[in-house]
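Novice: Here this note's numbering is used: the first residue of the sequence shown is 15, the next is one more, and so on.
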Amino acid sequence: FFRVLFSCILPCIMFDFRCIQSVRTRNGGLQGSNLVALSGFNEAIEAHFSKAAPVKPTGIWPSSTIANPSGKPVMVLLTQSWCGACNGLKASINNGSKVSSAMKDFDVVHVEGDGGKMWQEQGHGYVPQAYFFGSKGQPLHVEGPMAEYKHFFANDSALADGMKKALVLDKVTDSLDGANMAAAESTTTSSSIAASGFNQSVEDLFLREQPSVSGTWPSSSIQGKGKPVMVLLTQSWCGACKGLKASINNGSAVSSAMKDFDVVHVEGDGGKMWQEQGHGYVPQAYFFGSKGQPLHVEGPMAEYKHFFANDSALADGMKKALVLDKVTDSLDGANMAAAESTTTSSSITASGFNQSVEDLFLREQPSVSGTWPSSSIQGKGKPVMVLLTQSWCGACKGLKASINNGSKVSSAMKDFDVVHVEGDGGKMWQEQGHGYVPQAYF
Numbered sequence: 015f016f017r018v019l020f021s022c023i024l025p026c027i028m029f030d031f032r033c034i035q036s037v038r039t040r041n042g043g044l045q046g047s048n049l050v051a052l053s054g055f056n057e058a059i060e061a062h063f064s065k066a067a068p069v070k071p072t073g074i075w076p077s078s079t080i081a082n083p084s085g086k087p088v089m090v091l092l093t094q095s096w097c098g099a100c101n102g103l104k105a106s107i108n109n110g111s112k113v114s115s116a117m118k119d120f121d122v123v124h125v126e127g128d129g130g131k132m133w134q135e136q137g138h139g140y141v142p143q144a145y146f147f148g149s150k151g152q153p154l155h156v157e158g159p160m161a162e163y164k165h166f167f168a169n170d171s172a173l174a175d176g177m178k179k180a181l182v183l184d185k186v187t188d189s190l191d192g193a194n195m196a197a198a199e200s201t202t203t204s205s206s207i208a209a210s211g212f213n214q215s216v217e218d219l220f221l222r223e224q225p226s227v228s229g230t231w232p233s234s235s236i237q238g239k240g241k242p243v244m245v246l247l248t249q250s251w252c253g254a255c256k257g258l259k260a261s262i263n264n265g266s267a268v269s270s271a272m273k274d275f276d277v278v279h280v281e282g283d284g285g286k287m288w289q290e291q292g293h294g295y296v297p298q299a300y301f302f303g304s305k306g307q308p309l310h311v312e313g314p315m316a317e318y319k320h321f322f323a324n325d326s327a328l329a330d331g332m333k334k335a336l337v338l339d340k341v342t343d344s345l346d347g348a349n350m351a352a353a354e355s356t357t358t359s360s361s362i363t364a365s366g367f368n369q370s371v372e373d374l375f376l377r378e379q380p381s382v383s384g385t386w387p388s389s390s391i392q393g394k395g396k397p398v399m400v401l402l403t404q405s406w407c408g409a410c411k412g413l414k415a416s417i418n419n420g421s422k423v424s425s426a427m428k429d430f431d432v433v434h435v436e437g438d439g440g441k442m443w444q445e446q447g448h449g450y451v452p453q454a455y456f
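(1) Residue 262 by DSSP, collapsed to three states: which one?
(2) Which residues does DSSP pair with residue 162 in a beta bridge?
(3) Pull up the distance between the alpha-carbon of residue 159 and that of residue 429, whole angstroms please.
(4) Based on DSSP bridge pairs, tell me the residues matched to residue 227.
(5) Does the beta-carbon of residue 96 have 16 or more other beta-carbons within 10 angstroms, so that it is buried, or is it exposed?
(6) What does the alpha-carbon distance come out to for the pair residue 300 and residue 341?
(7) Return yes when the C-beta of residue 449 is under 8 Å from any heavy atom of the ligand FMN, and no when it is not.
(8) Which same chain residues end up closer than 8 Å to residue 391 when comparing Cβ atoms and leaving out the 5 residues on each side of it in sequence?
(9) From 264, 230, 446 and 261, pick the residue whose C-alpha is nearest to that of residue 385; which is it?
(10) What ranges does the beta strand (DSSP E) occupy inside the segment 272-340, keeping only unbroken runs of at least 3 residues that lie completely in it?
(11) Looking at the strands, I want to know which residues DSSP matches up with residue 362.
(12) Kindly indicate if chain B contains any beta-carbon less than 9 Å away from that of residue 57.
(13) Is the CB-CB distance between residue 277 and residue 220 below 9 Å?
(14) Between which two residues does the alpha helix (DSSP H) carrying residue 413 extend?
(15) Skipping 5 residues on each side, what residues in its chain have a beta carbon closer than 6 Å to that of residue 293?
(16) According to the Cβ coordinates, are residue 281 and residue 247 closer than 9 Å?
(17) Take residue 181 as the anchor and find which of 57, 87, 82 and 452 has the nearest alpha-carbon.
(18) What are the residues that DSSP puts in a beta bridge with residue 143?
(19) Let me make sure I understand the geometry here. Which of 85, 82 and 91 has the alpha-carbon closest to that of residue 53?
(20) With a 10 Å radius around its C-beta and 16 neighbouring C-beta atoms as the bar for buried, classify residue 426 as buried or exposed.
(21) Would you grab the beta carbon distance between residue 64 and residue 122 for me? Rounded to a whole angstrom, and I think it's under 8 Å.
(22) Checking the sheet assignment: what are the DSSP bridge partners for residue 456?
(23) Let me know the secondary structure DSSP gives residue 107 once reduced to three states.
(24) Suppose you measure from the CA of residue 309 to the CA of residue 338; what does that come to, to the nearest Å?
(25) To the nearest angstrom, how far is it from the Cα of residue 208 to the Cα of residue 218?
(26) Near residue 437, which residues of its chain fall below 6 Å by C-beta distance, leaving aside the five closest residues on each side in sequence?
(27) Here's the rule: buried if 16 or more other CB atoms are within 10 angstroms of the residue's CB, otherwise exposed. What is residue 18?
(28) So, for residue 167: in the same chain, excluding its five sequence neighbours on each side, which residues have a beta-carbon less than 6 Å away from its beta-carbon?
(29) Is the CB-CB distance between residue 253 and residue 152 below 9 Å?
(30) Please report the residue range of the beta strand (DSSP E) in which residue 243 lies.
(31) Identify the continuous beta strand (DSSP E) that holds residue 398 and give its terminal residues.
(32) Can you check which of these residues, 405, 369, 443 and 330, is closest to residue 272 by C-alpha distance?
(33) Per the DSSP calculation, residue 154 is bridged to which residue(s)?
(34) Just the C-alpha distance for residue 453 and residue 401, rounded to the nearest angstrom, thanks.
(35) Judging by CA-CA distance, which residue of 215, 103 and 245 is the nearest neighbour of residue 265?
(36) Ends of the beta strand (DSSP E) at residue 126?
Structure below.
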């Protein structure tokens, strides 16, 4: 008995203890009684995971769906025990608070090992990964910060951001399902519905030949042909796309506005060449001016700025595009020749302004509190003008040339502190839904 006890049983107990300790050590810095379960997560995190039999997807991402009777959106987290990045993510979640706080709004499924392969998109075999599904089991196309590894979320903060986006997107697709999917289902067998899912009368207004696009949004452009262009991106498997199609089919706002546009409809993966990086959801709409310049028209949701949910929202976007096209077109006509003629001048600085104008700008950008229209700054005795531009923007070049060659703004600048922000740093100043440039705030 003692021979068996000392040679077999005690070493096994000691080995198990060392295993538990090694798990705790690998996941680093875990506090107090936050014991790590065999999954590598704190027991407090582990308690949030779904205890029901793991759901299985139907189909392959991005068209996979799940049966989801709970009414909550679902996050499926895929890891491997041998994966260093997975251990890093687990440690970050264990020691953070953002994901654990957000988990109450989700059913969370954690799949460790090769069982995760059934969830993965083809060509995306790395780990860790996270996939999101809506409260009705529909896929939610939430992407991480790396375009090539769109299902990869490196840490607590990145995954929590993804969860926040999923909640917003679930509300949108859920409302679309409620408002438009019945109409979509009732019309899909109608003889007036084309293979694209649009009424034949709408389908007839689409361009038959897709223009080629140069560059990547927001600096992409096309060959202009005299009318502004709307590029509408959908996928056949997408419930929100079906809802938008049904809303357009049964409405009149978009179809009435289409006479003023060349409209390109791209269904399927061919739409990827049009998309802005980090915006892989559908449906989307992009707008270009009558000279092929990008028109920065945004939908009502800041995080999904190319998303238009229904006939009314898309028609509003088309209306904005017409106005913006007139502005950028007049700028191009009036000032672009001047802009081109002055770009090589020795008096032009890297910002595109004359040195005499550049010298009037504040060298230090003030900090802004809040979001326009309720934002504020620390005043220093003069009113402040904040001018937002982008280096790729034709309208911005036109405005710069007009200021360089005029005298009114430069004369008025003595009464202002003028802040010029070129690039994405201007986003903190912008009002939601107003992503175009140039802009001025006072």
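We treat Cβ as the ideally placed atom computed from N, Cα and C, and that holds for glycine.
Specialist: This is what the structure holds:
(1) helix
(2) Beta-bridge pairing links residue 162 to no other residue.
(3) 42 Å
(4) 236
(5) exposed
(6) 17 Å
(7) As for the ligand FMN, it is missing from this structure, which has no ligand bound.
(8) 380, 381, 382, 383 and 398
(9) 446
(10) 276-281 and 298-302
(11) 368
(12) Protein chain content of the structure displayed is limited to a single chain, and chain B is not contained in it.
(13) yes
(14) 408-419
(15) 320
(16) yes
(17) 87
(18) 92
(19) 91
(20) exposed
(21) 6 Å
(22) Residue 456 pairs with nothing; no bridge assigned.
(23) helix
(24) 7 Å
(25) 10 Å
(26) none
(27) Caution applies to residue 18, whose pLDDT of 44 falls short of 50 and renders its modelled position unreliable; the value that the coordinates give is listed next. Exposed, because fewer than 16 other Cβ atoms sit within 10 Å of the Cβ of residue 18.
(28) 144, 158, 173 and 176
(29) yes
(30) 243-248
(31) 398-403
(32) 330
(33) 146
(34) 6 Å
(35) 215
(36) 121-126
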